[in-house]
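Engineer:
2 protein chains.
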Amino acid sequence: MEDSNTVLGKAMAILRAFGPADSVLPLAELVRRTGLAKGTAHRVAGDLVHHRLLDRTDHGYRLSGGLFELGLRASAERTLLELAMPFLQDLYERTHETVHLGVREGHEVVYLAKIGGHRQARAPSRTGGRMPTHCTAIGKVLLAHAGEEEQAAVLTGPLERRTPHTVIAPGLLRRQLMKAVETGVAYEREESTPGLLCVAAPVLRPDGQTAVAAISVMGPVGRFRPEPHANAVRAAAAALGSTLARRHR
Amino acid sequence: MEDSNTVLGKAMAILRAFGPADSVLPLAELVRRTGLAKGTAHRVAGDLVHHRLLDRTDHGYRLSGGLFELGLRASAERTLLELAMPFLQDLYERTHETVHLGVREGHEVVYLAKIGGHRQARAPSRTGGRMPTHCTAIGKVLLAHAGEEEQAAVLTGPLERRTPHTVIAPGLLRRQLMKAVETGVAYEREESTPGLLCVAAPVLRPDGQTAVAAISVMGPVGRFRPEPHANAVRAAAAALGSTLARRHR
DNA sequence: TGGTGGCGTTCCACTCAGCGGTACGCTCTT
DNA sequence: AAGAGCGTACCGCTGAGTGGAACGCCACCA
Numbered sequence: 002m003e004d005s006n007t008v009l010g011k012a013m014a015i016l017r018a019f020g021p022a023d024s025v026l027p028l029a030e031l032v033r034r035t036g037l038a039k040g041t042a043h044r045v046a047g048d049l050v051h052h053r054l055l056d057r058t059d060h061g062y063r064l065s066g067g068l069f070e071l072g073l074r075a076s077a078e079r080t081l082l083e084l085a086m087p088f089l090q091d092l093y094e095r096t097h098e099t100v101h102l103g104v105r106e107g108h109e110v111v112y113l114a115k116i117g118g119h120r121q122a123r124a125p126s127r128t129g130g131r132m133p134t135h136c137t138a139i140g141k142v143l144l145a146h147a148g149e150e151e152q153a154a155v156l157t158g159p160l161e162r163r164t165p166h167t168v169i170a171p172g173l174l175r176r177q178l179m180k181a182v183e184t185g186v187a188y189e190r191e192e193s194t195p196g197l198l199c200v201a202a203p204v205l206r207p208d209g210q211t212a213v214a215a216i217s218v219m220g221p222v223g224r225f226r227p228e229p230h231a232n233a234v235r236a237a238a239a240a241l242g243s244t245l246a247r248r249h250r
Numbered sequence: 002m003e004d005s006n007t008v009l010g011k012a013m014a015i016l017r018a019f020g021p022a023d024s025v026l027p028l029a030e031l032v033r034r035t036g037l038a039k040g041t042a043h044r045v046a047g048d049l050v051h052h053r054l055l056d057r058t059d060h061g062y063r064l065s066g067g068l069f070e071l072g073l074r075a076s077a078e079r080t081l082l083e084l085a086m087p088f089l090q091d092l093y094e095r096t097h098e099t100v101h102l103g104v105r106e107g108h109e110v111v112y113l114a115k116i117g118g119h120r121q122a123r124a125p126s127r128t129g130g131r132m133p134t135h136c137t138a139i140g141k142v143l144l145a146h147a148g149e150e151e152q153a154a155v156l157t158g159p160l161e162r163r164t165p166h167t168v169i170a171p172g173l174l175r176r177q178l179m180k181a182v183e184t185g186v187a188y189e190r191e192e193s194t195p196g197l198l199c200v201a202a203p204v205l206r207p208d209g210q211t212a213v214a215a216i217s218v219m220g221p222v223g224r225f226r227p228e229p230h231a232n233a234v235r236a237a238a239a240a241l242g243s244t245l246a247r248r249h250r
């Protein structure tokens, strides 16, 4: 069922036509990606510009700062982010490696924050970006604290092999998840991107079972070993967890 | 001219009905704020939920994570933010006070980043939030490097008196702006919020005149003095400026 | 130099998506 | 039990939205 016979559908189609990598798209490209009629795309895009969701440049259209602002009003992620920031800062300062804050959405991780210095490893993750759960430390640790069925859904589904090290055997992956629950941290060793290692710990709800989010520290093979940072990550996540709990009543 | 006889206009009205402070709004409240017919608001809000721009909760609607993600694809602010992060980190680490990155939009500042630790002063600024230019350090320094007419437009317009210390005399303000150009930094002393002091420096384009953004360090009256941090802020802003310049060819 | 293809823009008559008034059912409070 | 406030559902009218067609404008190439 196509939902692009409503104006809103068309507008969304245009906005979503912008991939994570695209900065500016010409009208013709939007037409190609959305399948809209040229006239229609022209008008809708014009309306979006009028409403400050798109910017018009010489070379085409671009997601605007208005959208940026609007997105940052999203309450759930925003309050989590604001409360988490000080803990992420501490963690960064202690490790001087790239620090992530992420939440799970289905079989993917959405990154709410990524902070790093000048020497940070070149990672594909970006604030607001997504990665599969099964090949990232944050993903694994969140999966480990997810409901039975949700976990099973991912384990039985097809698992993308992103690198030669990606764990795609359901049995091994499940064992890693169980170990993550036991130890309170999950690891990733070049499973999403060659040359990158990562430790993550869950930010648990007061029930101590389910996870709201997860925090990780990531670094490059060579100078970086994840194990020594396990405690720091665990501590940061736990501290954030109790801050959230305290606040929630 | 009301632009809410287009569907998109109505949708935007609903999205913009969410103020910076609102987390969840019931349908009735949306109706009140937007002036839409109840039936219409109900349907449009439903469509927005369907398109993942709103979340439905027991108590009403909420800006969704989908919007958060979409907003972070806005290319201009995103790349600026990513490039700036390491410099902001360094600055935070050196000062351990709240660090801001902001751009100017008309007579207001939009904050792209705010990083701080556990002891950060309670400030009204938020990532993605806005403040007037004339009573913030970032605002002043950006105004100082803006075009003549734009600067004049703000100076001649009415200036909100946010605190007893807010500078609303156009003459004094203009002198502060000139000094900011000379010295490369602008100060704010409890002009936007009682108890807060701030230093800001501009991130200049290669032309050395106009500013892309500005960086600031803020702290509370008492333990914090802005002057000693002027050099650090200036250095961070300059370093980011040359990084941008290098990248732009 | 003239042809060609891709692009953004404009126009316009048709039509169905969207409209909003009305009515209903639920849950609180009084 | 009556009322107020809320979310939801219905439905006939209509103009906002549609998309095909046509236009003018480069940039590229033969």
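Line by line, the protein sequences are chains A and B.
Basically our numbering = 1-based index in the first sequence + 1.
Basically our numbering = 1-based index in the second sequence + 1.
We treat Cβ as the ideally placed atom computed from N, Cα and C, and that holds for glycine.
Here the structure is a predicted model, which means the values were calculated and not measured.
Is there contact between the segment 189-204 of chain A and the segment 127-143 of chain A, where contact requires at least three CB pairs shorter than 8 Å?
Structural biologist: yes
Engineer: Using the three-state DSSP reduction, which class does P133(A) fall into: helix, strand or coil?
Structural biologist: What you label residue 133(A) is simply residue 132 of the first sequence in a count that begins at 1. It is a strand residue.
Engineer: In three-state terms, what does DSSP make of G103(B)?
Structural biologist: As a first step, residue 103(B) must be located in the second sequence, where it is residue number 102. Strand.
Engineer: Check the Cβ of I116(B) against every Cβ in chain A and list those closer than 8 Å, keeping chain order.
Structural biologist: Looking up residue 116(B) in the second sequence gives position 115. Under the 8 Å cutoff, chain A gives M86, Q90, I116.
Engineer: Measuring only the C-alpha atoms, how far is P227(A) from T157(A)?
Structural biologist: As a first step, residue 227(A) is located in the first sequence; it is residue number 226 there, counting from the start. As a first step, residue 157(A) is located in the first sequence; it is residue number 156 there, counting from the start. Looking at the two C-alpha atoms, the distance is approximately 28 Å.
Engineer: Which first and last residues belong to the alpha helix (DSSP H) in which I139(B) is found?
Structural biologist: Start at 1 with the first residue of the second sequence, and residue 139(B) comes out as number 138. I139(B) -> alpha helix (DSSP H) spans 138-145.
Engineer: Suppose you measure from the CA of G242(B) to the CA of A170(A); what does that come to, to the nearest Å?
Structural biologist: For the purposes of this step, residue 242(B) is taken as residue 241 along the second sequence, with counting starting at 1. For the purposes of this step, residue 170(A) is taken as residue 169 along the first sequence, with counting starting at 1. C-alpha separation (whole angstroms): 48 Å.
Engineer: To test your reading of the DSSP string, which unbroken alpha helix (DSSP H) runs of 4 or more residues are found completely within the segment 33-91 of chain A?
Structural biologist: 39-51, 66-72
Engineer: Please report the distance separating the alpha-carbon of M2(B) from that of R33(B).
Structural biologist: On the second sequence, residue 2(B) is found 1 positions in, with the first residue counted as 1. On the second sequence, residue 33(B) is found 32 positions in, with the first residue counted as 1. Residue confidence is low: M2(B) scores 45 on pLDDT, short of 50, so the model does not pin down where it sits. No coordinate-derived value is stated.
Engineer: Buried or exposed: G117(A), going by 16 or more other Cβ atoms within 10 Å of its Cβ?
Structural biologist: On the first sequence, position 116 is the one that residue 117(A) refers to. With 16 or more Cβ atoms within 10 Å of its Cβ, G117(A) is classed as buried.
Engineer: For G220(B), name the three-state secondary structure that DSSP assigns.
Structural biologist: On the second sequence, residue 220(B) is found 219 positions in, with the first residue counted as 1. If DSSP states are grouped into helix, strand and coil, G220(B) belongs with the strands.
Engineer: Closest by CA to L68(A), which one among M13(B), R127(B), A214(B), A238(B)?
Structural biologist: Stepping through the first sequence from its first residue, residue 68(A) is reached at position 67. Just measuring C-alpha positions, the residue of M13(B), R127(B), A214(B), A238(B) sitting nearest L68(A) is M13(B).
Engineer: Is T96(B) near A114(B), with beta carbons less than 8 Å apart?
Structural biologist: Here the question's residue 96(B) lines up with position 95 in the second sequence. Here the question's residue 114(B) lines up with position 113 in the second sequence. Not in contact: T96(B) and A114(B) (Cβ atoms no closer than 8 Å).
Engineer: Can you tell me where the alpha helix (DSSP H) holding V25(B) begins and where it ends?
Structural biologist: If you number the second sequence from 1, residue 25(B) lands on position 24. No residue range can be given for V25(B), since it is assigned to no alpha helix (DSSP H) and is classified by DSSP as neither H nor E.
Engineer: Taking the runs of the alpha helix (DSSP H) that are 4 residues or longer, which of them lie wholly in the segment 139-208 of chain A?
Structural biologist: If we require 4 residues or more, the alpha helix (DSSP H) runs fully inside the segment 139-208 of chain A come out as 149-157, 171-184.
Engineer: Only counting the same chain, and skipping five residues up and downstream in sequence, which positions put a Cβ closer than 7 Å to that of V155(B)?
Structural biologist: Within the second sequence, numbered from 1, the residue matching residue 155(B) stands at position 154. Contacts found: H108, T134, H135, L144.
Engineer: Of the residues A187(B), P221(B), G130(B), A215(B), which one's Cα is nearest the Cα of A75(A)?
Structural biologist: Counting from 1 along the first sequence, the entry for residue 75(A) is found at position 74. Considering only alpha carbons, the answer is G130(B).
Engineer: What whole-angstrom Cβ distance do A42(A) and L28(A) have, given they're in contact under 8 Å?
Structural biologist: On the first sequence, residue 42(A) is found 41 positions in, with the first residue counted as 1. On the first sequence, residue 28(A) is found 27 positions in, with the first residue counted as 1. With a Cβ gap of about 6 Å, A42(A) and L28(A) count as contacting.
Engineer: If you reduce the DSSP assignment to three classes, tell me which class A124(A) lands in.
Structural biologist: Taking the first residue of the first sequence as 1, we reach residue 124(A) at position 123. Here DSSP, grouped into helix, strand and coil, assigns A124(A) to coil.
Engineer: Residues of chain A with a CB under 7 Å from the CB of A75(B): which are they?
Structural biologist: As a first step, residue 75(B) is located in the second sequence; it is residue number 74 there, counting from the start. Here the neighbours are L64, S65, G66, L68, F69.
Engineer: Step through the CB atoms of chain A and report whether any lies within less than 8 Å of the CB of L16(B).
Structural biologist: Position 15 of the second sequence, counted from the first residue, corresponds to residue 16(B). Yes, because at least one Cβ of chain A sits closer than 8 Å to the Cβ of L16(B).
Engineer: Under 8 Å, do V8(A) and V50(A) count as touching if we go by C-beta distance?
Structural biologist: Residue 8(A) sits at position 7 when you count from the first residue of the first sequence. Residue 50(A) sits at position 49 when you count from the first residue of the first sequence. No. Outside cutoff.
Engineer: Which whole-angstrom value is the C-beta distance of T63(A) and A77(B), which I expect to be below 8 Å?
Structural biologist: For the purposes of this step, residue 63(A) is taken as residue 62 along the first sequence, with counting starting at 1. For the purposes of this step, residue 77(B) is taken as residue 76 along the second sequence, with counting starting at 1. First, the amino acid is wrong: residue 63(A) is Arg here, not Thr. Right, the Cβ-Cβ distance comes to about 7 Å (below 8 Å), so this counts as a contact.
Engineer: Do S193(A) and R163(A) come within 8 Å of each other at the CB atom, strictly closer than that value?
Structural biologist: Taking the first sequence and counting its residues from 1, one reaches residue 163(A) at position 162. Taking the first sequence and counting its residues from 1, one reaches residue 193(A) at position 192. Yes, the pair counts as a contact, with Cβ atoms nearer than the cut-off.
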